[in-house]
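Student:
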Amino acid sequence: MNNFPLPRIVPDGEALTVIFILLQIEDEGNHGNDETRSFILSSLAAQNQSRVNCVLCSDVMLVFDRYPLVDGTFFLSPKQYNKNAVEVKNEGRALFLNAVCMKCLDGKDADRKLCCRFCATQWDGSSLIMGTMYAYDVFAAMPCCNERLKCNGCQKALMLSHQRLNFYSDYSRKVTCPHCTSVDYHFVKPLAVYYTRQWP
Ligand SMILES: [Zn+2]
Ligand SMILES: [Zn+2]
Ligand SMILES: [Zn+2]
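So in the UniProt record's numbering, the last one in the sequence shown is 200, and the numbering has no gaps at all.
Okay, structure coming up:
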């Protein structure tokens, strides 16, 4: 008797997605290294902060000096999602060190589900690695629909609906709108405008 599961036929698109994600982790990971750890700890120490608040539910998270650094994950964004997110310099850019707690990343509790107002897709943070830091905005990184690809100024599409940028971090960068020429972090959107959820 054969107890091994049968190989699953994976559609082409799905297989590509998996490979793409693995490449991204290698390229932009910074996961679990000493540089990331000291970057976070020194940034918080400079503000006398030993805890952070989840940007979604405001729950307090202690920051540890070893991995996992936090019961959730840190991410850098040009947006300060809550007032406790400290300003940091990364590769010459001024960014904010934001954090999301484990339960919100998981998104299993009904009141923690983060769904797009426009296409109803649930934001999925469960694939993010816990206790470390992403060098880009984790909400901007995977646009669910065309609404996420619009200029913050003129509201016209910045690219065609099937087009995507090469890296997750590309969505956290300033881009120039081809229509109105405004330069902004167009893909980084206000959470309350883009997601349905009870906000604290
Ligand atoms: Zn939370
Ligand atoms: Zn959407
Ligand atoms: Zn525009």
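Beta carbons: idealized from backbone N, C-alpha and C, even for Gly.
1. Work out the CA separation of T132 and P143 for me, nearest whole Å.
2. N53 and residue 212 - do their beta-carbons sit closer together than 9 Å?
3. At a threshold of 8 Å, does F139 count as lining ligand 2 (C-beta to nearest heavy atom)?
4. Please tell me whether R148 and K189 are closer than 9 Å, where the distance is taken between their beta carbons.
5. If you measure from each residue's Cβ to the nearest non-hydrogen atom of ligand 3, which ones come out under 6 Å, in chain order?
6. Using a threshold of 9 Å, state whether the C-beta atoms of L158 and V183 are closer than that.
7. Take the Cβ of N33 as the centre, count every other Cβ of all protein chains shown within 10 Å, and call the residue buried at 16 or more, exposed below.
8. Taking A45 as part of the alpha helix (DSSP H), name the residues at either end of that continuous run.
9. What residue ranges within the region 134 to 200 form continuous alpha helix (DSSP H) runs of no fewer than 4 residues, ordered along the chain?
10. Three or more C-beta pairs closer than 8 Å, one from the region 65 to 72 and one from the region 92 to 108: is that the case here?
11. Counting C-beta neighbours from all protein chains within 10 Å, is the total for D109 16 or more, i.e. buried, or is it exposed?
12. By how many angstroms is the C-alpha of I129 removed from the C-alpha of Y194?
13. Grab the span of the alpha helix (DSSP H) containing C104 for me, first residue to last.
14. With a floor of 3 residues, list each beta strand (DSSP E) that falls wholly inside the region 50 to 117, ordered by position along the chain.
15. Below 8 Å on the Cβ atoms is my contact criterion, and I expect V63 with S50 to pass it. Report the Cβ-Cβ distance as a whole number of Å.
16. Shorter than 8 Å, the distance from the beta carbon of T132 to the closest heavy atom of ligand 2, or not?
Tutor: With the given structure in hand:
1. 22 Å
2. Limits of the chain in this structure are 1 at one end and 200 at the other, which puts residue 212 out of reach.
3. no
4. yes
5. C151, G153, C154, K156, C177, H179, C180, S182
6. no
7. exposed
8. 34 to 45
9. 191 to 194
10. yes
11. exposed
12. 24 Å
13. 102 to 106
14. 51 to 53, 60 to 62, 72 to 77, 86 to 90, 93 to 101
15. 6 Å
16. no
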